[in-house]
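Report on the following structure.
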Amino acid sequence: LEDQNVGTDPISSIRMMQALRALGKTAALYMYPYEDHGPATRESDLDQWARWTAWLDMYVKHAGEWRAGADDKISAATALPDPR
């Protein structure tokens, strides 16, 4: 994790992801370069909203429709991957 923003220490988030992974939980951690706790750019803001919407679609709107185990992976991204 290389981030020039030395004021942001993501260790608690990383540890939470490790704990969730150990429990076999579905979770995702997205870390945007050079940004603090919340989105600082329009691109990050739009990406965050797209991810929230996709999460709500999958786990609320279409709850029970997805195959068990199909999304049992944890991802940590420092770039801005495409939202699902």
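Note that this note's numbering gives residue 83 to position 83 of the sequence shown, counting from 1, and the numbers run on in steps of one.
Note that CB positions come from ideal geometry on N, CA and C, so glycine has one too.
Values in this document were obtained by computation on a predicted structure and should not be read as measured data.
- If you draw a 10 Å sphere on the C-beta of Tyr-32, you find 16 or more other C-beta atoms in it, and that means buried.
- Given a length threshold of 3 residues, each whole run of the beta strand (DSSP E) inside the segment 2-38 is given here in chain order: 27-30.
- In this structure, the straight-line span from the alpha carbon of Arg-51 to that of Ile-11 is close to 22 Å.
- Shown here for Pro-39: same chain residues with a beta carbon closer than 7 Å to its own, the five before and five after excluded, namely Tyr-32, Asp-45, Gln-48 in chain order.
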